[in-house]
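Down below is the structure, laid out as structure tokens.
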Amino acid sequence: MFSRILIPIDLNHADKLEKSVSAGVNLAKAEKIPIVFTAVASTVPSALAHTPDEFRAKLNAYAASQADKHGVSASGHAVFAHDPAAELEDALLKAIDETGADLVVMATHVPNMADRLWPSNGGRIASHADISVFLVR
């Protein structure tokens, strides 16, 4: 049914994304397909990584640990943006094209009043991607 799953991940909050990661892993196991963990970052040094190469290495290490933990095939795909918070959706849409993913499994929040004015990241991906998007609360 699907050939590659993209799971957006925030390495600063990976522990809070376990539910969406678990959903993606279960789908990957059922379909026997690879997962691409995608993270968006700035090229500016941060507490997480000082260089883009260091960020890629940490993302790849995360993907490898998830692959070992769950018995799936997984890789990392980093996307760099000048302002990751403002450019997140565009960067994730770019990652979908770059990785050839045909399913996104993404964490989202419980809708609130602000969502009537500003769409959520997951909502924007779901409405703009030309592939299936599974949002996990």
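The letter at position 60 of the sequence shown is residue 1126 when you use my numbering, and the numbering goes up by one with no holes. Cβ coordinates follow ideal geometry from the N, Cα and C atoms, glycine included. For clarity, every value in this text was computed on a predicted model and none was experimentally measured.
Note the first and the last residue of the continuous beta strand (DSSP E) segment covering residue i.
{"i": "S1198", "result": "S1198 to V1202"}
{"i": "T1104", "result": "I1101 to A1107"}
Leaving out five residues before and five after residue i in sequence, what residues of the same chain have Cβ atoms less than 8 Å from its Cβ?
{"i": "E1155", "result": "N1187, R1190, I1191 and H1194"}
{"i": "A1118", "result": "Just to set this straight, residue 1118 is Pro in the shown sequence, not Ala. Hits under 8 Å: A1107, T1109, A1144 and F1146."}
Pull up the DSSP beta-bridge partners for residue i, would you.
{"i": "H1143", "result": "T1104"}
{"i": "A1173", "result": "V1202"}
{"i": "P1111", "result": "According to DSSP, P1111 bridges with nothing at all."}
Terminal residues of the continuous alpha helix (DSSP H) containing residue i?
{"i": "I1073", "result": "Per DSSP, I1073 belongs to no alpha helix (DSSP H); it is in the beta strand (DSSP E), I1071 to P1074."}
{"i": "K1085", "result": "E1084 to E1097"}
{"i": "T1117", "result": "Unbroken run through T1117: none, as it is neither H nor E."}
{"i": "H1194", "result": "N1187 to H1194"}
Suppose the cutoff is 7 Å on Cβ atoms and the five residues either side in sequence are ignored; what does the same chain contact list for residue i look like?
{"i": "V1145", "result": "T1104, V1106, A1157, K1160 and A1161"}
{"i": "V1138", "result": "V1091, A1094, K1095 and I1101"}
{"i": "E1136", "result": "Correcting the residue identity first, residue 1136 is His in this sequence and not Glu. Here the set comprises V1091."}
For residue i and residue j, which I take to be in contact (beta-carbon distance under 8 Å), what is that distance rounded to the nearest angstrom?
{"i": "K1085", "j": "V1202", "result": "6 Å"}
Looking at C-alpha atoms only, which residue of the options is the closest neighbour of residue i?
{"i": "F1121", "options": "G1166, N1078 and V1087", "result": "N1078"}
{"i": "D1149", "options": "A1080, V1110 and S1088", "result": "V1110"}
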